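A.B. asks:
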Amino acid sequence: MSLQLTDVSKSFGRLGVLDAVSIDVPRGARLAVVGASGSGKSTLLRIIAGFERPDAGTVVLDGRTLSGAGADVPAHRRGIGYVAQDGALFPHLTVARNIAFGIRRRPDRTRRVREVMELASLDPQLADRYPHQLSGGQQQRVALARALALEPSVILLDEPFSALDTGLRAHTRAAMVDALERSGVTTVLVTHDQEEALSFGHQIGVIADGRLVQSGQPSEVFDAPVDAEIAEFLGDVVMVPAEAAGDAQAMCAFGCLEVRHDRSGGAARVCAMLRPSQLRVDDAAEGGNATVVGMRPAGSTAELRLRLGAAEIPVEVTHRLPLHEASRFRPGSTVTVDVDGGVVLYPATALRSRGDVAEPAPAA
Amino acid sequence: MLGAAALIPVGYVVQVAFEMGWQQLAELVFRPRVGELLVNTVLLVVLGVPLTVVLGVGGAWLVERTALPARRLFAVLLVVPLTIPAFVASYGWASAIPSINGLGGGLLVAVLAYYPLVYLPALAALRGLDPALEESARSLGMGSWAVFLRVVLPQLRLAMLGGGLVVALHLLAEYGAFAFLRFETFTTAIVIAYQASFAGPNAAALGVVLALLCFVVLLVEATARGRLRYARVGGGSPHPAPRLGLGRTTPLVVVALVALAVASSVVPLVSVIRWALVTDAASWAPVVEATVQTLLLAIGGAIAALAVALPAAWLSARYPGRIARTLEGAYYFASSLPAIIVALALVTVTLHVLPGLYQTVATVIAAYVVIFLPRALVSVRAGIAQVPETLEEAARSLGTSPFVAKLRVTGPLLLPSIAAGGALVALGAANELTATLLLAPTGTQTVATGFWAAASAVDYPAAAPYAITLVLLSIPAVALMLAQVKARRTP
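First to last, the sequence lines map onto chains E and S. Under my numbering, think of the first position of the first sequence as 3, with each following residue one higher. Under my numbering, think of the first position of the second sequence as 133, with each following residue one higher.
1) Bridge partners of S217 (chain E), per DSSP?
2) Would you check if there are 3 or more beta carbon pairs closer than 8 Å linking the stretch 578 to 597 of chain S to the stretch 415 to 433 of chain S?
3) Using a Cβ cut-off of 8 Å, pull out every chain S residue sitting near Y84 (chain E), in sequence order please.
4) Beta carbon of P597 (chain S), beta carbon of A408 (chain S): below 8 Å?
5) Please list the terminal residues of the continuous alpha helix (DSSP H) segment that includes D180 (chain E).
6) Taking the alpha carbon of G186 (chain E) as the reference point, which residue from E:E153, E:V208, E:G15 and E:A199 has its own alpha carbon closest?
7) Could you tell me whether the Cβ atoms of S69 (chain E) and R55 (chain E) are closer together than 8 Å?
8) For R99 (chain E), would you say it is in contact with chain S, using Cβ-to-Cβ distances shorter than 8 Å as the test?
9) To the nearest angstrom, how far is the alpha carbon of V320 (chain E) from that of L308 (chain E)?
10) The alpha helix (DSSP H) spanning Q616 (chain S) covers which residue range?
11) Contact check, L478 (chain S) vs T495 (chain S) under 8 Å by CB: the rounded distance?
12) Around the Cβ of M613 (chain S), are there at least 16 other Cβ atoms within 10 angstroms (buried) or fewer (exposed)?
13) Taking only three categories from DSSP, how would you classify V116 (chain S)?
14) For chain C, check one thing: does any of its Cβ atoms lie closer than 8 Å to the Cβ of R309 (chain E)?
15) Going by DSSP in three states, D262 (chain S) sits in which element: helix, strand or coil?
16) For E316 (chain S), tell me which candidate among S:V298, S:G296, S:L338 and S:F330 has the shortest Cα-Cα distance.
17) Any idea if E183 (chain E) is buried or exposed, counting beta-carbon neighbours within 10 angstroms, 16 or more meaning buried?
18) Ignoring anything shorter than 4 residues, give me the alpha helix (DSSP H) runs that lie fully in the stretch 151 to 209 of chain S, in order along the chain.
19) Which whole runs of the beta strand (DSSP E) in the stretch 252 to 301 of chain S are 3 residues long or more, in chain order?
20) Consult DSSP for R262 (chain E) and reduce its assignment to one of helix, strand or coil.
21) Excluding the five sequence neighbours on either side, which residues of its own chain have a C-beta within less than 7 Å of the C-beta of V146 (chain S), listed in chain order?
22) Are V337 (chain E) and L259 (chain E) close, meaning C-beta to C-beta below 8 Å?
23) Nearest CA to the CA of E196 (chain S): which residue from S:A311, S:F312, S:G308 and S:G260?
24) Measuring straight from C-alpha to C-alpha, what distance separates E361 (chain E) and G461 (chain S)?
25) If L170 (chain S) and A226 (chain S) are in contact, beta carbons under 8 Å, what's the gap, nearest whole angstrom?
26) Can you tell me whether DSSP reads G289 (chain E) as helix, strand or coil?
27) Would you please state the rounded distance, in angstroms, between the beta carbons of V242 (chain E) and A274 (chain E)? I believe it to be under 8 Å.
28) For L303 (chain S) versus V177 (chain S), is the C-beta spacing smaller than 8 Å?
29) Mark W154 (chain S) as exposed unless 16 or more other C-beta atoms lie within 10 angstroms of its C-beta, in which case mark it buried.
30) Would L323 (chain E) count as contacting chain S if we go by Cβ distances under 8 Å?
31) What are the residues of the stretch 130 to 153 of chain E that lie near chain S, defined by any Cβ-Cβ distance shorter than 9 Å?
32) Taking beta-carbon pairs under 9 Å, can you tell me which members of the stretch 253 to 266 of chain S lie near chain E?
33) Using only CA atoms, which one of S:Y246, S:T532 and S:S403 lies nearest to P230 (chain S)?
34) Classify V142 (chain S) as helix, strand or coil using the three-state DSSP reduction.
35) So, V27 (chain E) versus S4 (chain E), is the Cβ gap smaller than 8 Å?
36) Quick one, are the C-beta atoms of A555 (chain S) and A615 (chain S) less than 8 Å apart?
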C-alpha cells in the first residue's frame with residue numbers, strides 16, 4: 003500500500019522533462035525530491051496530482067492506477083492534496099471558508115475546520131481573516147490545513163517554503179512537518195533547497211535533468227552521493243586530487259586518508275571529496291602541512307584560505323571557522339590541517355569541471 | 133456564433149469591393165466630390181492627431197511631473213471633455229458662436245473633445261514609469277528638458293501612438309459633430325448618401341474608401357510601433373517621481389490650462405445649461421422615455437458583448453496561440469471600423485440574409501457588440517490574467533470538478549472586471565449616435581438620437597435636456613476610466 007511511480011516520462015514538445023522516473027513511497031512516509039530549477043521535479047508533482055498527463059509510465063496509489071495504462075483519473079477524483087508554492091489560497095474566501103472549500107457537503111465541516119487548524123498550529127482567531135491579512139507562513143499553513151481537511155491519502159508540497167523569509171521558513175517548516183507527522187499522511191515535497199530536503203523526512207530523491215539519480219535515506223544519500231555533482235549539490239565540499247593507496251586508503255594533500263566509499267568506478271585518476279566540517283585546523287607545533295594565504299572576516303565567521311602540500315600542484319582550500327578562532331592565524335603562518343572521518347572517491351574529471359582549484363562550492 | 137457576427141463588417145467591406153469590381157468602384161470613387169471629401173478627411177486627421185497628442189501628453193506631464201498648483205483639480209478637469217459627446221460639444225460651440233463651421237470649426241471641436249483620449253494613456257504611462265530612470269538621467273548630467281525629451285518622451289511613445297490611433301479612428305468615425313458644423317467628411321457623406329438611397333452603391337463605395345483610410349491609419353500606427361516594447365527592468369523602490377518646479381512660468385501654464393478647460397468643457401456645458409434654462413417641463417417628458425430605452429439597449433449591448441468577450445478573453449489569456457491572436461486581431465479591426473460602416477454592413481446583411489432582423493433591437497445590439505467589444509475584451513482578459521491558474525488547480529485537488537472550480541473560484545474573482553467591462557460597453561452604447569440612427573427600430577428613440585432629432589431641426593432648447601442626460605450618462609464611465617488610470621500607482 004503506497005504511492006508508486008513506474009517509468010514516468012514526460013516531454014513538452016521536443017523538450018524532455020522527465021525520463022523514466024520510478025519512485026516508491028510507502029504509506030505514511032515523507033519523501034523529499036530535490037533538484038535544481040528546471041530539473042523536472044515540479045512536473046513530477048503535477049503528474050501525481052493529475053494536472054499533467056505522463057507520456058509513458060504509470061502512477062499507482064494503493065493499488066489503484068491513476069495515470070498510464072489506459073487510466074487517467076482527473077485531479078478532483080484522486081484524493082490527493084496539493085499545496086502550491088504560494089499557497090494558492092482563494093482570495094475571496096476567509097480562512098475558514100478556504101479550509102472548508104473541499105468539505106462543504108460534510109455535516110461535521112465546522113468541527114473538521116477547527117481540527118485541521120489546530121493540527122496546523124493556526125490560531126482559531128484567524129478563521130475569519132482573509133488571505134491577504136495573513137503572513138506568508140500562515141498562508142502556507144492554511145493551504146496545508148485546507149488540503150488535510152479532506153483527509154487525502156497523499157499530500158504534495160510544491161516548494162511550499164521558498165517564498166518565505168529565512169526566519170519564517172524554519173518555523174513554518176517545523177510546524178508543517180509536525181502537522182504532517184501527526185496526521186500520518188504520505189507526503190511528497192519537492193524543493194531546490196538541499197538542506198530542506200535532507201531535514202524533511204524519511205526519504206530523499208535527487209532529480210537531475212529529468213532523471214532520478216539517487217534515492218534513499220537522507221543520511222545515506224548525503225554520506226555517499228553517487229557522483230561529485232550531487233555531492234556538491236547537497237552541500238559544501240572540499241575536492242582534492244588523490245591517489246588510491248590500496249586497502250581502502252587514499253593519498254592526497256591532507257595525507258593518507260580512509261576511503262568511506264569509492265565511487266570512482268575504477269577511473270585511472272581520482273579525486274577525494276570531503277565536507278568542510280571534517281577539517282580541523284590547528285597551530286603547527288612543528289612542521290605543519292599547510293600555509294595560511296589569506297583571511298577574510300564574514301560576520302561571526304571568517305574564511306581562511308589555506309595552501310596545502312608541497313606537491314607539484316599546490317591545492318587551495320577555503321575553510322570557514324568562528325571569528326574568534328580565526329584571529330589566532332596570520333597570513334603566512336604555517337598550520338596543521340587534520341581530517342576527521344574518511345573521504346569519498348570520484349573520477350578526477352570532477353576536478354577539471356571545478357577548475358582544478360579545490361574550494362567548497364557555496365551552498366545553493 | 134456571436135464571435136463570427138463581430139466580423140460581419142469586415143466581410144461586408146471586402147464583399148462590396150469585390151462585387152462592384154474595379155470598374156464601378158473607380159467610377160464612383162474618382163469624382164471631384166470624393167476628392168474634396170478625401171482632402172477634408174485627411175486634413176482633419178493629419179492636423180487633428182498631432183494637436184491632440186500635444187495637448188494630451190503636455191497635460192499629463194504637467195499634472196504628473198511638475199509642481200503645478202492645484203494639479204489634482206487639473207488632473208480631473210482634463211478628462212471632463214470625455215463626458216461631453218463630440219456632437220453635444222459642437223452643438224454647444226455652435227450656439228455660442230453661430231458662425232463656427234468648416235475645417236477650422238471641426239478641428240477646434242474635435243481636438244478639444246478628443247485630446248483626453250491621449251491624456252489618459254499618457255497619464256497611465258507616466259504613473260507606471262520608474263522614477264529611478266529620470267533620477268539616473270539627472271545623475272548623468274541631463275537637465276530637466278533633456279530628461280523630458282530623451283527619457284520621458286521615448287517611454288511615452290506607446291501611449292502616444294495608442295492614443296493617437298484612437299483619436300484618428302474617432303475623427304474618421306465622427307458623424308454628429310461634423311454634420312452639425314457643416315464640415316463634410318467621408319462619414320457625413322455616407323450618412324447623406326444613405327439617407328438618399330439607403331445602402332446603395334454610392335454609400336457602399338464611399339464606405340470602402342473610408343474603410344481603406346482606417347486601414348491606412350492602423351498600418352501607420354503598427355509601423356511606427358514596430359517591435360517597440362518597454363519593459364520595466366527591476367522593481368525599483370516605490371517612491372514618488374521628482375517634480376519639476378515651473379518657476380516664473382507657473383502663471384502662464386495655469387492660464388493656458390484654464391483656457392483649455394474653459395474651451396473644452398465650460399463653453400459646451402454653459403451653452404447646454406443656458407438652453408436648458410429656457411425649457412419647460414414638457415420638453416423633459418420625452419427624455420425620460422428615451423433614457424429608459426437607452427438603458428435597455430445599452431444593458432443588452434453590454435450583456436451581449438460580455439457573452440462574446442468571455443470565451444474570447446479566456447482563449448487568449450489561457451491558451452495564447454495563433455488562433456486566439458488572429459481572432460482577437462479581427463475583433464479589434466472590426467471595431468476600429470467607423471460605426472457608419474458597421475451600420476451599413478448590418479443593414480445590408482439583415483436585408484439580404486435575415487430580413488426579419490432588419491431594424492430590430494437585435495441588430496442595434498449586434499452593432500454595439502461589434503463597436504464596443506474591445507472595451508469588454510480588454511477588461512475581462514486583464515481580469516482572467518490576474519486570476520492565477522494555480523487557484524483552479526488547488527480547487528481541483530480539493531475534489532472540485534474543473535467546471536465547478538471555475539464557477540466557485542475564478543467566477544467570483546472575475547466579477548469586478550466583468551462589471552467594469554460591461555459598464556464601459558453600456559456607457560459607450562448609451563452615447564452611440566451613428567449606428568443607432570441607422571439601425572434602431574422605427575419609433576425607438578435613444579437619448580442620443582432624440583438629441584440629434586431636436587438639434588438638427590435647430591430646436592436648440594428641446595435638445596438641451598437630452599444633452600444634459602447624455603453628459604450625466606457619461607460621467608460614470610469616465611470616472612471609471614480615470615480610476616483605472618489612477619490605480620496604476622508606481623508599484
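Here a beta-carbon is modelled for each residue, glycine too, at the ideal position from N, C-alpha and C. All of these numbers come straight from a predicted model, not from anything done at the bench.
C.D. replies: With the structure as the only source:
1) Partner residues in the beta bridge of S217 (chain E), as assigned by DSSP, are E:G207.
2) The stretch 578 to 597 of chain S, when compared against the stretch 415 to 433 of chain S, does touch it at the 8 Å Cβ threshold.
3) Listed along chain S, the residues sitting closer than 8 Å to Y84 (chain E) by beta-carbon distance are E525, A526 and S529.
4) Annotated as proximal: P597 (chain S) and A408 (chain S), with beta-carbon spacing under 8 Å.
5) It spans T168 to S185 - the alpha helix (DSSP H) in which D180 (chain E) sits, taken as one unbroken run.
6) Per the Cα distances, E:E153.
7) Yes, these two residues count as a Cβ contact at 8 Å.
8) Chain S has no Cβ within less than 8 Å of the Cβ of R99 (chain E).
9) Here the sequence assigns Thr to residue 320 (chain E), which means Val is not the residue at that position. The alpha-carbon of T320 (chain E) is positioned some 6 Å away from that of L308 (chain E).
10) Unbroken alpha helix (DSSP H) run through Q616 (chain S): Y592 to K618.
11) So it is a contact: roughly 5 Å between Cβ atoms.
12) M613 (chain S) should be labelled buried.
13) Chain S is shown from 133 up to 623; residue 116 (chain S) falls before or after that span and cannot be answered.
14) The structure shown contains no chain C; its protein chains are E and S.
15) In this structure, D262 (chain S) counts as coil in the three-state DSSP scheme.
16) From the listed residues S:V298, S:G296, S:L338 and S:F330, the smallest Cα separation to E316 (chain S) is found for S:L338.
17) Result: exposed.
18) The stretch 151 to 209 of chain S contains, as complete alpha helix (DSSP H) runs of 4+ residues, the segments 164 to 197 and 203 to 209 (chain order).
19) Counting only runs of 3+ residues, no beta strand (DSSP E) is found wholly inside the stretch 252 to 301 of chain S.
20) Shown here, R262 (chain E) sits in a strand according to DSSP, grouped into three states.
21) Closer than 7 Å at the Cβ level, and outside the excluded window around V146 (chain S), lies no residue.
22) In this structure, L259 (chain E) does not lie closer than 8 Å to V337 (chain E) by Cβ.
23) Among S:A311, S:F312, S:G308 and S:G260, the Cα nearest to that of E196 (chain S) belongs to S:G260.
24) Annotation note: pLDDT 44 at E361 (chain E) (below 50); position unreliable, no value reported.
25) With a Cβ gap of about 25 Å, L170 (chain S) and A226 (chain S) do not count as contacting.
26) Per DSSP, reduced to three states, the secondary structure at G289 (chain E) is coil, with no helix or strand assignment.
27) Yes, they are in contact, since the Cβ atoms of V242 (chain E) and A274 (chain E) sit about 6 Å apart, within 8 Å.
28) The beta carbons of L303 (chain S) and V177 (chain S) sit closer together than 8 Å.
29) Exposed, because fewer than 16 other Cβ atoms sit within 10 Å of the Cβ of W154 (chain S).
30) Among the CB atoms of chain S, none fall inside 8 Å of the CB of L323 (chain E).
31) For the stretch 130 to 153 of chain E, residues whose beta-carbon sits nearer than 9 Å to a beta-carbon of chain S comprise A145, R148, A149, A151 and L152.
32) Identification of residues in the stretch 253 to 266 of chain S having a C-beta nearer than 9 Å to some C-beta of chain E yields an empty set.
33) The shortest C-alpha separation from P230 (chain S) is found at S:S403.
34) Residue state, collapsed to three classes: helix.
35) Yes, Cβ-Cβ distance for V27 (chain E) and S4 (chain E) is below 8 Å.
36) Going by C-beta atoms, A555 (chain S) is not nearer than 8 Å to A615 (chain S).
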